[in-house]
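Colleague:
2 protein chains.
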Amino acid sequence: MIITVTLNAALDITYEVADLALWGSHRVSAVRQRAGGKGVNVASVLSTFGIAVTATGLVGGGTGAAIRADLDARGVRHAFGDCAGESRRTVNVVSTASGDATIFNEPGPVVTAGEWRSFTSWLDGLVRESGADVVVASGSLPPGAPVDAYAQIVELVRARNARCVVDADGEPLRRALAAGPDVVKPNLAELRAVTGVAAPLRGAAVLRRLGARDVVVSLGADGVLVVPADGPAYRAAAGQRLAGNPTGAGDAAVAAIAAGLARGHDWPRVMGEVVGWSAAAVLSRVAGEVRPVEAARLAAMVRIEETDDAGKA
Amino acid sequence: MIITVTLNAALDITYEVADLALWGSHRVSAVRQRAGGKGVNVASVLSTFGIAVTATGLVGGGTGAAIRADLDARGVRHAFGDCAGESRRTVNVVSTASGDATIFNEPGPVVTAGEWRSFTSWLDGLVRESGADVVVASGSLPPGAPVDAYAQIVELVRARNARCVVDADGEPLRRALAAGPDVVKPNLAELRAVTGVAAPLRGAAVLRRLGARDVVVSLGADGVLVVPADGPAYRAAAGQRLAGNPTGAGDAAVAAIAAGLARGHDWPRVMGEVVGWSAAAVLSRVAGEVRPVEAARLAAMVRIEETDDAGKA
Numbered sequence: 091m092i093i094t095v096t097l098n099a100a101l102d103i104t105y106e107v108a109d110l111a112l113w114g115s116h117r118v119s120a121v122r123q124r125a126g127g128k129g130v131n132v133a134s135v136l137s138t139f140g141i142a143v144t145a146t147g148l149v150g151g152g153t154g155a156a157i158r159a160d161l162d163a164r165g166v167r168h169a170f171g172d173c174a175g176e177s178r179r180t181v182n183v184v185s186t187a188s189g190d191a192t193i194f195n196e197p198g199p200v201v202t203a204g205e206w207r208s209f210t211s212w213l214d215g216l217v218r219e220s221g222a223d224v225v226v227a228s229g230s231l232p233p234g235a236p237v238d239a240y241a242q243i244v245e246l247v248r249a250r251n252a253r254c255v256v257d258a259d260g261e262p263l264r265r266a267l268a269a270g271p272d273v274v275k276p277n278l279a280e281l282r283a284v285t286g287v288a289a290p291l292r293g294a295a296v297l298r299r300l301g302a303r304d305v306v307v308s309l310g311a312d313g314v315l316v317v318p319a320d321g322p323a324y325r326a327a328a329g330q331r332l333a334g335n336p337t338g339a340g341d342a343a344v345a346a347i348a349a350g351l352a353r354g355h356d357w358p359r360v361m362g363e364v365v366g367w368s369a370a371a372v373l374s375r376v377a378g379e380v381r382p383v384e385a386a387r388l389a390a391m392v393r394i395e396e397t398d399d400a401g402k403a
Numbered sequence: 091m092i093i094t095v096t097l098n099a100a101l102d103i104t105y106e107v108a109d110l111a112l113w114g115s116h117r118v119s120a121v122r123q124r125a126g127g128k129g130v131n132v133a134s135v136l137s138t139f140g141i142a143v144t145a146t147g148l149v150g151g152g153t154g155a156a157i158r159a160d161l162d163a164r165g166v167r168h169a170f171g172d173c174a175g176e177s178r179r180t181v182n183v184v185s186t187a188s189g190d191a192t193i194f195n196e197p198g199p200v201v202t203a204g205e206w207r208s209f210t211s212w213l214d215g216l217v218r219e220s221g222a223d224v225v226v227a228s229g230s231l232p233p234g235a236p237v238d239a240y241a242q243i244v245e246l247v248r249a250r251n252a253r254c255v256v257d258a259d260g261e262p263l264r265r266a267l268a269a270g271p272d273v274v275k276p277n278l279a280e281l282r283a284v285t286g287v288a289a290p291l292r293g294a295a296v297l298r299r300l301g302a303r304d305v306v307v308s309l310g311a312d313g314v315l316v317v318p319a320d321g322p323a324y325r326a327a328a329g330q331r332l333a334g335n336p337t338g339a340g341d342a343a344v345a346a347i348a349a350g351l352a353r354g355h356d357w358p359r360v361m362g363e364v365v366g367w368s369a370a371a372v373l374s375r376v377a378g379e380v381r382p383v384e385a386a387r388l389a390a391m392v393r394i395e396e397t398d399d400a401g402k403a
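Chains as they are written, first to last, in this note's numbering: chain A, 91 to 403; chain B, 91 to 403.
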């Protein structure tokens, strides 16, 4: 059983417009909406693969109700805690003329200290009662959440003998490292921002020294790198150049990591799935959607090689 | 008692962003939302003046629930019918740098024939049980609503011996005319589109020949013109040039017309209020809000004159 935590869950709204004009009035020709936020996206992918998962986090207001309703409609199990504030929306305006997108991100609800305490108790109960093996904590923090929110979650999860994957950045990631997460998954920009190091192997080594057990760095089109506590580092890359929409590729990668941890797969095997699932997300017509058959086909084509670049030290 | 009908009620969402960049990603610094749609706005204004009013129309889904919740919070009485589709949102992105706005309008729910029939029964019951004097039908039709929706409403209202004000345009307005509405209130562009006549007095006379009893034409900064069935035509204009936001001025004008009809005021007096309330909406800091003290002050300054331009014939 995997639990995903999304503290700033969202309702992702997509508007199609003929074209976008600054300061104009636009008739929206099509509206789509879908529960989102990184952890929710991870749960969606896992659910598509038939892997037992529950999405939790904090939601509130009418938008929170819409997030729950969408997950119900898609058959994604969820057990969110409540907050008094209104969950955030993201509005993604896509021009049907050019395909370009213009995005508006609401900040999200202000979480009070009491709501945060209630949520940590709620999460602790959920991990205990579900016997979860793996907890994934991903995405930005809502206003008001403590900056060490992910550190607290890592401690709570480890105290329940489950493993914790953190996909975050900046100070919340830095704080989480000290609590000893089992896996962190920065991309190159996030790695550089936290460590000050641009080279992925050396940067990953810094994250390990700061407390992470295994470090997976997503390298965009160049694939991924894993620097584990035990055994050699590996690089993995797709067997073909991919043209598509990278939205959701990172969440598909985190889903593959969580699935691999829960199933006890070794890193070379997990890395094949990380790249295959990400590649399937990139090639998908619907942003963030991953078709298992496509993911398996792409995973079989992944090139994996041990890497012991001097930069590792 | 006044009833306002809003068939395509909306949740009006305002986003503040530092500045708008085409194809960029924007952090929304402030979110405001408010129930809207023309009839809802008319009910809000009447409610601010302490005039008994009930907002009805069709709402559905989570956005429909948010529309009802906002009216509850603002103390505006409402009794909407339900539809299965999701009520529309409008997203108004305002740049804090320039004050300019970029607007996205969702199309609204597709109303089925069965939902439309249920609504007309619902409205008939509401008019009968409330003993309404005046029913206001304003704004665009949702997809699926019959093009003669306003004509049907006028007939229903007249059969209950109440008076009906229609603020619509295009074919729905043209159809409504044949049913004999007590007042229609086009602006100049709407008048020209329906009659093919650019001169307001002559255009209003055409609307009267097509079935409207009294015609009020809003002339923007030049005030308003009324061409009633009984008595002379009047023009009224604000006593000062107004700089501000014209959003909601038309709805404030319709609110003043409905209030005047309900109270049995004569046209010169109503015209003073039409211009005063509209002017208060233009000068308001919050779009569409009308402060009664300000509206009364401005109404007292309105210049009203009889007009018998040869064009009237």
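Heads up, the beta-carbon is just placed ideally off N, CA and C, and yes, glycines get one too.
Whose Cβ in chain A lies nearer than 8 Å to the Cβ of residue 155/B?
Modeller: For the purposes of this step, residue 155/B is taken as residue 65 along the second sequence, with counting starting at 1. Under the 8 Å cutoff, chain A gives 152 and 155.
Colleague: Let me know the beta strand (DSSP E) ranges lying completely inside the stretch 268-314 of chain A, each 3 residues or longer, listed in chain order.
Modeller: 304-308
Colleague: Going by DSSP, which residues form a beta bridge with residue 185/B?
Modeller: Position 95 of the second sequence holds residue 185/B. DSSP lists 107/B as partners of residue 185/B.
Colleague: Let me know if residue 102/B comes out buried or exposed under the rule of 16 or more other beta-carbons within 10 Å of its beta-carbon.
Modeller: Locating residue 102/B in the second sequence gives position 12, counting from the first residue. With 16 or more other CB atoms across the displayed protein chains lying within 10 angstroms of its CB, residue 102/B is buried.
Colleague: Could you work out which residue in 144/A, 95/A and 283/A is closest to residue 128/A when comparing CA atoms only?
Modeller: Locating residue 128/A in the first sequence gives position 38, where the first residue counts as 1. Selected option, being the one with the closest Cα: 95/A.
Colleague: Between the stretch 329-339 of chain B and the stretch 297-305 of chain B, do three or more beta carbon pairs fall short of 8 Å?
Modeller: no
Colleague: Between residue 100/A and the rest of its own chain, which residues show a CB-CB distance below 6 Å, the 5 nearest in sequence each way excluded?
Modeller: Residue numbering aside, residue 100/A sits at position 10 when the first sequence is read from its first letter. 126, 127, 178 and 180.
Colleague: Tell me, which residues are paired with residue 224/B by DSSP?
Modeller: One-based indexing of the second sequence puts residue 224/B at position 134. Paired residue(s): 92/B and 253/B.
Colleague: For residue 384/B and chain A, any beta-carbon pair shorter than 7 Å?
Modeller: Numbered from 1 along the second sequence, position 294 holds the residue referred to as residue 384/B. Residue 384/B does not count as touching chain A.
Colleague: Which first and last residues belong to the beta strand (DSSP E) in which residue 375/B is found?
Modeller: If you number the second sequence from 1, residue 375/B lands on position 285. Note, residue 375/B: premise wrong, no beta strand (DSSP E); not H, not E.
Colleague: May I ask you to report which of helix, strand or coil DSSP gives residue 395/B?
Modeller: The count along the second sequence starts at 1 and reaches residue 395/B at position 305. Of the three classes helix, strand and coil, the one that applies to residue 395/B here is strand, per DSSP.
Colleague: Would you please verify whether the beta carbon of residue 400/A is less than 7 Å from any beta carbon of chain B?
Modeller: Position 310 of the first sequence holds residue 400/A. Because the pLDDT at residue 400/A is just 42, under 50, the model does not fix this residue reliably, and the value given afterwards should be weighed accordingly. No, because no Cβ of chain B sits closer than 7 Å to the Cβ of residue 400/A.
Colleague: Around the C-beta of residue 253/A, are 16 or more other C-beta atoms found within 10 angstroms, so that it is buried, or is it exposed?
Modeller: Position 163 of the first sequence holds residue 253/A. The residue in question, residue 253/A, is buried, as its Cβ has 16 or more Cβ neighbours within 10 Å.
Colleague: Assuming residue 263/B contacts residue 274/B under a Cβ cut-off of 8 Å, what Cβ separation, rounded to an integer in Å, is found between them?
Modeller: Along the second sequence, read from residue 1 onward, the residue named residue 263/B stands at position 173. Along the second sequence, read from residue 1 onward, the residue named residue 274/B stands at position 184. Going by Cβ atoms, the distance from residue 263/B to residue 274/B rounds to 7 Å, so yes, they are a contact pair.
Colleague: Chain A partners of residue 197/B, CB-CB under 7 Å?
Modeller: As a working mapping, residue 197/B is identified with position 107 in the second sequence. Neighbours of residue 197/B on chain A, chain order: 118.
Colleague: Does any residue of chain A bring its CB to less than 7 Å from the CB of residue 192/B?
Modeller: Here residue 192/B is taken as the residue at index 102 of the second sequence, counted from 1. Closer than 7 Å to some Cβ of chain A, the Cβ of residue 192/B qualifies, so yes.
Colleague: I'd like the list of long-range same chain contacts for residue 186/A, defined as Cβ closer than 8 Å, with 5 residues on each side in sequence excluded.
Modeller: Position 96 of the first sequence holds residue 186/A. Cβ neighbours of residue 186/A beyond the five flanking positions: 106, 107, 108, 109 and 119.
Colleague: Can you look up residue 139/A in the DSSP assignment and give me helix, strand or coil?
Modeller: Looking up residue 139/A in the first sequence gives position 49. Here residue 139/A sits in coil by DSSP.
Colleague: Can you pull out the residues from the stretch 156-169 of chain B whose beta carbon lies closer than 8 Å to at least one beta carbon of chain A?
Modeller: Of all residues in the stretch 156-169 of chain B, only 156 and 159 place a beta-carbon less than 8 Å from a beta-carbon of chain A.
Colleague: Pick helix, strand or coil for residue 403/A, following the three-state DSSP scheme.
Modeller: The residue given as residue 403/A occupies position 313 in the first sequence. Bear in mind that the predicted position of residue 403/A carries a pLDDT of just 38, short of 50, making it too unreliable to give a figure here.
Colleague: If we count the other Cβ atoms within 10 Å of its Cβ and call it buried at 16 or more, is residue 113/A buried or exposed?
Modeller: In the first sequence, counting from the first residue as 1, residue 113/A sits at position 23. Its Cβ having fewer than 16 others within 10 Å, residue 113/A is exposed.
Colleague: Please name the residue, chosen from 214/A, 205/A and 230/A, that lies closest to residue 196/A on a Cα-to-Cα basis.
Modeller: In the first sequence, counting from the first residue as 1, residue 196/A sits at position 106. Measuring C-alpha to C-alpha distances from residue 196/A to each of 214/A, 205/A and 230/A identifies 230/A as the nearest.
Colleague: Tell me, please, whether the CB atom of residue 121/A is closer than 7 Å to any CB atom in chain B?
Modeller: Counting from 1 along the first sequence, the entry for residue 121/A is found at position 31. Closer than 7 Å: yes.
Colleague: What residues of chain C sit near residue 231/A, judged by a beta carbon separation below 8 Å?
Modeller: Among the chains of the structure shown, chain C does not appear; the protein chains present are A and B.
Colleague: Between which two residues does the beta strand (DSSP E) holding residue 198/B run?
Modeller: Position 108 of the second sequence, counted from the first residue, corresponds to residue 198/B. Unbroken run through residue 198/B: none, as it is neither H nor E.
Colleague: Distance check for residue 295/B and residue 319/B, CA to CA, integer angstroms please.
Modeller: Residue mapping note: residue 319/B aligns to position 229 of the second sequence, counting from 1. Residue mapping note: residue 295/B aligns to position 205 of the second sequence, counting from 1. Each residue's alpha carbon lies about 10 Å from the other.
Colleague: For residue 368/A, which residues in the same chain have their Cβ closer than 7 Å to its Cβ, ignoring the five residues on either side in sequence?
Modeller: What you label residue 368/A is simply residue 278 of the first sequence in a count that begins at 1. Contacts found: 339, 342 and 343.
Colleague: Using a C-beta to C-beta distance shorter than 8 Å, which residues of chain B count as neighbours of residue 114/A?
Modeller: As a position in the first sequence, residue 114/A is number 24, starting the count at 1. Per Cβ cutoff of 8 Å: 192 and 193.
Colleague: On the CB-based measure, 16 or more other CB atoms within 10 Å of its CB, does residue 134/B come out buried or exposed?
Modeller: Here residue 134/B refers to the residue found at position 44 of the second sequence. Classification of residue 134/B: buried, given that the 10 Å Cβ count is 16 or more.
Colleague: Quick check: residue 370/A and residue 388/A, are their CB atoms within less than 7 Å of each other?
Modeller: Taking the first residue of the first sequence as position 1, residue 370/A is located at position 280. Taking the first residue of the first sequence as position 1, residue 388/A is located at position 298. For residue 370/A and residue 388/A, yes; Cβs fall inside 7 Å.
Colleague: Do you know offhand how far residue 272/B's Cα is from residue 164/B's?
Modeller: Reading the second sequence from its first residue, position 182 is the one you call residue 272/B. Reading the second sequence from its first residue, position 74 is the one you call residue 164/B. For residue 272/B and residue 164/B, the distance between alpha carbons rounds to 30 Å.
Colleague: Which residue comes first and which comes last in the alpha helix (DSSP H) that contains residue 344/B?
Modeller: Within the second sequence, residue 344/B is the residue found at index 254, counting from 1. First-last of the alpha helix (DSSP H) with residue 344/B: 339-353.
Colleague: Give me the Cα-Cα distance between residue 209/B and residue 281/B, rounded to the nearest whole angstrom.
Modeller: Sequence index remark: in the second sequence, residue 209/B carries index 119 (1-based). Sequence index remark: in the second sequence, residue 281/B carries index 191 (1-based). If I take the Cα positions, the gap works out to 28 Å.
Colleague: Can you tell me the Cβ-Cβ gap for residue 152/B and residue 173/B, rounded? I've got them flagged as a contact below 8 Å.
Modeller: The residue given as residue 152/B occupies position 62 in the second sequence. The residue given as residue 173/B occupies position 83 in the second sequence. Their Cβ separation, rounded to whole angstroms, is 13 Å, which puts residue 152/B and residue 173/B out of contact at 8 Å.
Colleague: I'd like to know if residue 181/B contacts chain A, where contact means its C-beta is closer than 7 Å to some C-beta of that chain.
Modeller: Here the question's residue 181/B lines up with position 91 in the second sequence. Chain A contact via Cβ: present.
Colleague: What did DSSP end up calling residue 38/A once you bin it into helix, strand or coil?
Modeller: Not covered by the structure: residue 38/A. The range shown for chain A is 91 to 403.
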